[in-house]
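Colleague:
Number of protein chains: 2
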Amino acid sequence: MRSSKRAAKLAIVKPAETGPAVDLDDLNNRLGYFVRRVQVWVFQDFIRRLSGVDLSPAQFSVLVVIGANAGLSQSALAATLGIERARLVRLLHGLEQRALTQRLADADDGRRHALHLTRDGRKLLARAKALAAEHEAALKQKLGPERYRMMFEAARDF
Amino acid sequence: MRSSKRAAKLAIVKPAETGPAVDLDDLNNRLGYFVRRVQVWVFQDFIRRLSGVDLSPAQFSVLVVIGANAGLSQSALAATLGIERARLVRLLHGLEQRALTQRLADADDGRRHALHLTRDGRKLLARAKALAAEHEAALKQKLGPERYRMMFEAARDF
DNA sequence: TATTGTTATACTCTATAACTATA
DNA sequence: TATAGTTATAGAGTATAACAATA
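Those protein sequence lines, which keep their order, are chains A and B. Our numbering puts the first residue of the first sequence at 129, with every later residue one more than the last. Our numbering puts the first residue of the second sequence at 129, with every later residue one more than the last.
#1: Would you mind giving the Cβ-Cβ distance between B:L216 and B:L252, rounded to the nearest angstrom? I have them listed as a contact below 8 Å.
#2: Under 8 Å Cβ-Cβ, which residues of chain B neighbour A:G210?
#3: Just how far apart, CA to CA, sit A:A261 and A:R165?
#4: Would you say A:S184 reaches chain B, if we count a Cβ-Cβ gap shorter than 8 Å as a contact?
#5: State the Cα-Cα distance for the pair B:L138 and B:D173, rounded to the nearest angstrom.
#6: Report the CB separation of A:V168 from B:L155 in whole angstroms; it is logged as a contact under 8 Å.
#7: Determine the extent of the beta strand (DSSP E) in which A:L243 is found, giving its start and end residues.
#8: Report the rounded CA-to-CA distance for B:A233 versus B:A206, giving the unit in angstroms.
#9: Can you give me the C-alpha to C-alpha distance between A:K133 and A:A235, rounded to a whole angstrom?
#10: Near A:V181, which residues of its chain fall below 7 Å by C-beta distance, leaving aside the five closest residues on each side in sequence?
#11: Comparing alpha-carbon positions, which option in A:D285, A:A266 and A:Q202 lies nearest A:L177?
#12: B:S201: buried (16+ other C-beta within 10 angstroms of its C-beta) or exposed?
#13: How big is the Cα-Cα spacing for B:K270 and A:A242?
#14: Under a CB-based cut-off of 8 Å, is A:E281 close to chain B?
#15: Roughly how many angstroms separate the alpha carbons of B:E212 and A:G238, rounded to a whole number?
#16: According to the neighbour-count rule (16 or more other Cβ atoms, all chains shown, within 10 Å of its Cβ), is A:E281 buried or exposed?
#17: How is the alpha helix (DSSP H) around B:A214 delimited, first residue to last?
#18: Name the residues in the region 196-210 of chain B whose C-beta lies less than 7 Å from a C-beta of chain A; which are they?
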């Protein structure tokens, strides 16, 4: 990726022992196989680009949703993102230790925690959103504009 | 899903505390977010449908590729599927314990293992392929024919 | 020196179950 | 009874590093 220009120019770097090309057989007809490949690329690129703010895809999505829905409960957040409530506890614990989020007492329901971003959380989220936008542009370039638009239209609201 | 007809008819089952609908904010503009949601659904459905043959998506893909490329090396298999060589070792160990795969000595290169399916492996793979085809049909139905075709065209060969 | 397969480690994610406190 | 948050556990998946055997 990084040295694609030079590699294209030199071209003598050995084709990575390409070999006879492995047959994927039935996997060629399994959409899930290719969706997974896209997803793996997305996570790798996302993690790399957000390494400066040290946020995983899951942590980023949690901050985004809290930021746009201040005061929501952990259950609501977990259900929205498809994360297990049990896992969200540790996730929030990590974010809270970094002073990015807060769990406040919910006025209406003593069982619930009202989730909020701290001032630091809002600032970091703003930086993270900018990096996530760069990641999105990279994905668009990787797929090409047509395939990107097509996949978005097909996957939206799933 | 299973009781969608009855639920639509009764409708009194309480809308699962739908609430004010959580705002996804920027996530609505992140293709990776929706790709991940599709991928999670795919894995869950796949695992459930192949529970009878007790194969994970990774194990299935390994059997398929070995089946179509008898004698290939672990490195080639790992590179093809994007699996770490180290992880493939344990994966193959599990399949070998179930007598589904074999690691034979490679005639040309003493370092390599030539991977093969056993007779049981071929038989189980045939059953698994049929179940995977059912999963594919379910995914197509879940997405709808148009979105399925669109996503496949966009994701193919990624 | 580089590659193949292997072992080991650590961390994340997923899936459960069980517990508490509130409702 | 049911729900919200928590703790604990076990199994996958991921990412490394290091090693022996072979090239």
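In this text, a Cβ means the ideal position worked out from N, Cα and C, and glycines have one as well. Since this is a predicted model, take the numbers as computed values, not measurements.
Modeller: By the coordinates alone:
#1: Contact annotation, B:L216 with B:L252: C-beta distance approximately 19 Å; criterion of less than 8 Å not satisfied.
#2: Within chain B, the residues near A:G210 are R165 and V168.
#3: C-alpha separation (whole angstroms): 21 Å.
#4: Taking CB atoms only, A:S184 has no neighbour in chain B less than 8 Å away.
#5: Note on B:L138: pLDDT 31, under 50, position unreliable in the model; the coordinate value appears next. Computed Cα separation, rounded: 26 Å.
#6: Actually they are not in contact, since the Cβ atoms of A:V168 and B:L155 sit about 19 Å apart, beyond 8 Å.
#7: Residue range H241 to L245 is occupied by the beta strand (DSSP E) that includes A:L243.
#8: Distance between the alpha carbons of B:A233 and B:A206 is about 18 Å.
#9: Confidence at A:K133 is low in this model, with a pLDDT of 29, below 50, so its placement is unreliable and the value that follows should be read with caution. Between A:K133 and A:A235, the alpha-carbon positions lie close to 59 Å from each other.
#10: Shown here for A:V181: same chain residues with a beta carbon closer than 7 Å to its own, the five before and five after excluded, namely L252, R255, A256 and L259 in chain order.
#11: Note that residue 177 of chain A is Arg in the sequence shown, not Leu. Of the listed residues, the one whose Cα sits closest to A:R177 is A:A266.
#12: With 16 or more Cβ atoms within 10 Å of its Cβ, B:S201 is classed as buried.
#13: Their backbone Cα atoms lie some 34 Å apart in a straight line.
#14: So yes, A:E281 belongs to the interface.
#15: When only Cα atoms are considered, B:E212 and A:G238 end up about 47 Å apart.
#16: Answer is exposed; the Cβ neighbour count stays below 16.
#17: Where B:A214 is concerned, the enclosing alpha helix (DSSP H) stretches over R213 to Q225.
#18: So the list reads A196, N197, L200, A204, T208 and G210, given in the order they occur along the chain.
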